[in-house]
Ligand SMILES: Nc1ncnc2c1ncn2[C@@H]1O[C@H](COP(=O)(O)OP(=O)(O)OP(=O)(O)O)[C@@H](O)[C@H]1O
Ligand SMILES: [Mg+2]
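Residue numbers (my numbering): 3 to 244.
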């Protein structure tokens, strides 16, 4: 196979909040087409990493390369149009809008579509994630519908790389299984996926490789089978969650 550059490359990435180092000199690569899991205890820096790579926060130090291009100081919307997308752990839908309208907003601003094309795109991605009640006010949506909407919003910009930040949290077993299938379908369309999740069975089922964060640093990296047996991972993470 011809050599292909990693879709994402992060070098010595650091994010400080005052004296707190949330992301501490992280270096890793993500290959095109893989499903990478990022796990770690509460406060490990998973969401902060997502925020820095997607452009919500400027890093304190380090570099971010997307498809070989330095995007470290690009705005979030520029990165979105290049193909980096993400869901929000703390969802912030526009309450006055319907489900479809919320997804349309992403297609309009994330992809720069006109109104008609944005509506078509929103319908397409809602259909893809299995959202049926698209014309209800977002306030009447169930947790599962909100999670699907969050993924639909992230897909509306046609990403090449997507961060899914705890999209299974709060779902029951059947709902989680449906989401796992959805993530597999996203990946099979050629989208590289970074899954942040506390539920280990989800990580085991979905990921090709796992990075374990603790206090902003990588403490283990490898297949789920490999990292889940490491004592430092068990004590940092699994011990806490079980
Ligand atoms: N905007 C912010 N301002 C100040 N501190 C922050 C901010 N965002 C995150 N932090 C701190 O950075 C650390 C990492 O938080 P982060 O949300 O990235 O963790 P996480 O791994 O996503 O945790 P969880 O599993 O609970 O979602 C925490 O100590 C958190 O309090
Ligand atoms: Mg988080």
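Even for Gly, the Cβ is constructed at its ideal location relative to N, Cα and C.
Please read these numbers as outputs of a predicted model, since none were measured by experiment.
Neighbourhood of residue 218 by C-beta, 6 angstroms cutoff - its chain only, sequence neighbours within 5 removed: Here residue 218 refers to the residue found at position 216 of the chain shown. Answer for residue 218: 23, 24, 25, 26, 47, listed in chain order.
Cβ distance (whole Å) where residue 30 is taken to contact residue 221 below 8 angstroms: The residue given as residue 30 occupies position 28 in the chain shown. The residue given as residue 221 occupies position 219 in the chain shown. Not a contact, Cβ separation roughly 12 angstroms.
CA-to-CA distance, residue 146 to residue 138, given in whole angstroms: For the purposes of this step, residue 138 is taken as residue 136 along the chain shown, with counting starting at 1. For the purposes of this step, residue 146 is taken as residue 144 along the chain shown, with counting starting at 1. Distance between the alpha carbons of residue 138 and residue 146: 14 angstroms.
Buried or exposed (CB count within 10 angstroms, at least 16 for buried), residue 88: Translated into positions along the chain shown, residue 88 becomes position 86. That one is buried.
Buried/exposed call for residue 260, threshold 16 Cβ in 10 Å: Nothing can be reported for residue 260, as the shown portion of the chain is limited to 3 through 244.
Status (buried if at least 16 other CB within 10 Å, exposed otherwise) for residue 190: As a position in the chain shown, residue 190 is number 188, starting the count at 1. Residue 190 sits exposed, since fewer than 16 C-beta atoms from the chains shown fall within 10 Å of its C-beta.
Sequence-distant residues of its chain with Cβ nearer than 6 angstroms to residue 131 (five each side left out): To locate residue 131, count along the chain shown from 1; it is residue 129. Closer than 6 angstroms at the Cβ level, and outside the excluded window around residue 131, lie 150, 153, 154, 184.
Strand pairing of residue 165, partner residues [DSSP]: Counted from its first residue, the chain shown places residue 165 at position 163. Looking at the DSSP assignment, residue 165 forms a beta bridge with 88, 196.
CB-CB length for residue 163 against residue 86, believed under 8 angstroms: Here residue 163 refers to the residue found at position 161 when the chain shown is read from its first residue. Here residue 86 refers to the residue found at position 84 when the chain shown is read from its first residue. Contact between residue 163 and residue 86 holds: their C-beta atoms lie close to 5 angstroms from each other, under 8 angstroms.
Quiz: which residues have CB nearer than 6 angstroms to ligand 1 non-hydrogen atoms: In chain order, the residues that have a beta carbon nearer than 6 angstroms to some heavy atom of ligand 1 are 19, 22, 24, 42, 44, 45, 46, 47, 48, 49, 50, 91.
Coil, strand or helix - residue 61 by DSSP: As a working mapping, residue 61 is identified with position 59 in the chain shown. Residue state, collapsed to three classes: coil.
Sequence-distant residues of the same chain with beta carbon closer than 8 angstroms to residue 167, five excluded per side: As a working mapping, residue 167 is identified with position 165 in the chain shown. Closer than 8 angstroms at Cβ, skipping near neighbours: 48, 49, 52, 88, 89, 90, 91, 198.
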